[in-house]
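Here is the structure we will look at.
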Amino acid sequence: MPPYYFVHRLLLKDNLHHSLELKMDKRVENLLELLLSLLREPPEDVEIKGSYPEDLTPILSWLKRTFGVPTKVAYLGPEGSYTHEAAVTAFPGAQLLPSKTISEVFEKVSKNEAKYGIVPIANRLEGPVNETIDNLFFHNLYIKSALEIPIKIVLASNEETDLNTIQKIYGHPMIFGQARKILDKLKVPTIPTRSTSEAALLAKSEKGAAALCSPLAASIYNLKILQDSVEDNPNNSTKFFVLSKYYREEGDYTVLLASVKHQPGGLYEFLKPFAESGVNLTMIYSRPMKDIPWHYVFYIELEGSIKDLKSVIEEARKSSVFIKLLGSYDLLEITR
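Using this note's numbering, the first residue of the sequence shown is number 306, and each one after it goes up by one.
Written out as structure tokens, the structure is:
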């Protein structure tokens, strides 16, 4: 039972002091008042053990854990990556845990090393991030919310130099696709990295090397900006998911993974209930199943909440091999 259930019962008793068998000083009263204030918005991740009303210790321990320790958030690092920027934006004041790969972000949340994880799901120009979709399939995590970060790219080096002296450029593969004009102009080898901040870190230590990275990464690693705003499209952005272990059925958007029957019209029959109910699909993308050759998992985003779409989803399930619901979410409003 969650602690707000116990506190609600405790505060309804006529003789609270006697039932708790402890001295009701001002600190305990304040703790109980604070817990009672959470009745209208129960915490999503609290599980209490112990019996009412003898054991108040788990409630106090939960309160200390929740309000006394910064929230741990895993993200694709190092510092200065676009995912780092998303993490700082979504969780100001949190304890941020950089991860080497997207898979590592999923692992940290799955193992309770972090309460939340932030991963890129799609770029407006380059499309979905395959590693994120694959990990959504293999891990039992859900989507809590989403946010979009504008993608601004700079060409930076450890020293001010002429562009003609650059011998190599580090960058994430997706960033290479978003800054083709400058790459076509320079015509030097490009070396892929796991993140834009890793690219900045490598360029910092090599003479003649440059990085395609964010202005934040250039600032963090003390790089000189050789050319600003080298992105091909100034309206580019990347969408990030906030991951959690807790399932939500309410939100403006819903995400699911599905596999359909391997037969003519299989995908059509699966999508038919959504079309007939007027449900808008904002994205559908296929990924190969690793263990079954030439079979695919479809990543699907819908407008609407699971709570409102339950009957439609259940109708579609009849034409599927499986459906994995990843939760409903809202898009966070970012002010800059």
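Positions of the beta carbon are idealized from the N, C-alpha and C atoms, including for glycine.
Classification of residue i by the beta-carbon crowding that lies within 10 angstroms, buried from 16 upward
i: proline 425; result: buried
i: lysine 492; result: exposed
i: alanine 580; result: exposed
i: serine 462; result: buried
i: glutamine 483; result: buried
i: phenylalanine 545; result: buried
i: serine 582; result: exposed
i: histidine 567; result: exposed
i: tyrosine 526; result: buried
i: alanine 621; result: buried
i: glutamate 287; result: In this structure the chain extends from 306 to 641, so residue 287 is not present and cannot be described.
i: isoleucine 448; result: buried
i: lysine 629; result: exposed
i: lysine 354; result: Only weak support is given to the placement of lysine 354: the predicted model assigns it a pLDDT of 44, under 50, and the question is left unresolved by the model.
i: glutamate 638; result: exposed
Integer Cβ distance of residue i from residue j, believed to fall under 8 Å
i: glycine 422; j: alanine 451; result: About 13 Å separates the two Cβ atoms, so there is no contact after all.
i: isoleucine 438; j: tyrosine 604; result: 5 Å
i: leucine 488; j: threonine 498; result: At roughly 15 Å, the Cβ-Cβ gap does not stay under 8 Å, so leucine 488 and threonine 498 are not in contact.
i: serine 519; j: glutamate 431; result: Actually they are not in contact, since the Cβ atoms of serine 519 and glutamate 431 sit about 16 Å apart, beyond 8 Å.
i: serine 633; j: arginine 553; result: 5 Å
i: leucine 528; j: lysine 509; result: 6 Å
i: glutamate 436; j: isoleucine 407; result: 5 Å
Option nearest residue i by Cα separation, candidates the options
i: glutamate 409; options: Leu548, Pro593, Ser616 and Glu619; result: Leu548
i: methionine 594; options: Leu402, Ala563 and Ala461; result: Ala563
i: lysine 377; options: Ile456, Phe442, Val414 and Gly385; result: Val414
i: glutamate 608; options: Leu561, Lys629 and Glu412; result: Leu561
i: glutamate 503; options: Val535, Pro383 and Leu572; result: Pro383
i: isoleucine 611; options: Ile525, Asp557 and Asn540; result: Asp557
i: threonine 587; options: Ala505, Pro433 and Tyr526; result: Pro433
i: leucine 572; options: Ser591, Glu555 and Thr559; result: Ser591
i: asparagine 469; options: Pro478, Lys490, Ile454 and Ile480; result: Lys490
i: leucine 636; options: Asn541, Thr394, Pro375 and Gly385; result: Thr394
i: phenylalanine 481; options: Ile456, Glu464 and Glu555; result: Ile456
i: serine 386; options: Thr466, Ala505 and Gly398; result: Ala505
i: phenylalanine 627; options: Asp613, Thr388, Glu638 and His600; result: His600
i: isoleucine 589; options: Thr559, Asp613, Leu507 and Gln400; result: Thr559
i: proline 375; options: Gln400, Glu638, Asp613 and Lys416; result: Gln400
i: leucine 614; options: Asp596, Pro569 and Glu555; result: Glu555
i: lysine 405; options: Thr388, Gly398 and Asn417; result: Thr388
i: histidine 477; options: Asp467, Leu507 and Thr466; result: Leu507
CB contact flag (residue i, residue j, <7 Å)
i: valine 565; j: phenylalanine 575; result: yes
i: asparagine 428; j: threonine 501; result: no
i: leucine 460; j: leucine 531; result: yes
i: alanine 516; j: tyrosine 475; result: yes
i: aspartate 537; j: lysine 486; result: yes
i: valine 602; j: phenylalanine 442; result: yes
i: valine 617; j: proline 578; result: yes
i: leucine 446; j: alanine 419; result: no
i: phenylalanine 411; j: asparagine 440; result: yes
i: alanine 514; j: lysine 473; result: yes
CB contact below 7 Å: residue i versus chain B
i: leucine 402; result: No chain B is part of this structure, which consists of one protein chain only.
key: Inside the stretch 469 to 503 only - beta strand (DSSP E) runs reaching at least 3 residues   = 473 to 476 and 495 to 497
ask   = If you scan the stretch 569 to 632 from start to end, which runs of the alpha helix (DSSP H) of 4 or more residues do you find wholly inside it?
value = 571 to 581 and 611 to 622
query = Where in the stretch 509 to 581 do unbroken runs of the alpha helix (DSSP H), each at least 4 residues long, occur, reported from the N-terminal end onward?
reply = 520 to 525 and 571 to 581
query = Which runs of the beta strand (DSSP E), 3 residues or longer, sit entirely within the stretch 394 to 455?
reply = 400 to 404, 421 to 428 and 447 to 455
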